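Everything on this sheet refers to the single structure shown next.
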């Protein structure tokens, strides 16, 4: 994939959320790089990932398959892969394939980040109420 088709960033107060931004026509020719990037993030213990699709006009079935496969592995590590900013044509495919059953999507990048932050807070509160757990356990 050309360098201008993919960018990465971090978010969250501890920079524990990785954001992958994809541009243009994302198909089989770009699948290897998308898969490699997700694998690299996972090896680096980066399990909170958002894919920002605001500049993507098309997502091929091979990319959807990579998202599903990697999300399963990410969830085994107590993380999640979320989608944000899908254009209408991309969103339509997401809905037709019923991917909403296994992957969360958000209208904005900010909403996806907030979902991670609120999930972290919930885990923190839950753990702090367990007998023998520290008073505050922040992840």
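Numbering (my numbering), first residue to last: 49 to 187. Just so it is clear, CB atoms sit at the ideal spot from N, CA and C, and this is done for glycine as well. Bear in mind that the values here come from a model prediction, so they are computed numbers and not experimental data.
Item, Value
"Residue 93 in three-state terms, based on DSSP", "coil"
"Per-residue burial, residue 104 [other beta carbons within 10 Å of its own, 16 or more giving buried]", "buried"
"Of the listed residues 153, 95, 59, 113, nearest to residue 80 (C-alpha basis)", "113"
"Span separating the alpha-carbon of residue 125 from that of residue 164", "14 angstroms"
"Any alpha helix (DSSP H) of 4 or more consecutive residues that is wholly inside the segment 102-161", "109-124, 136-144"
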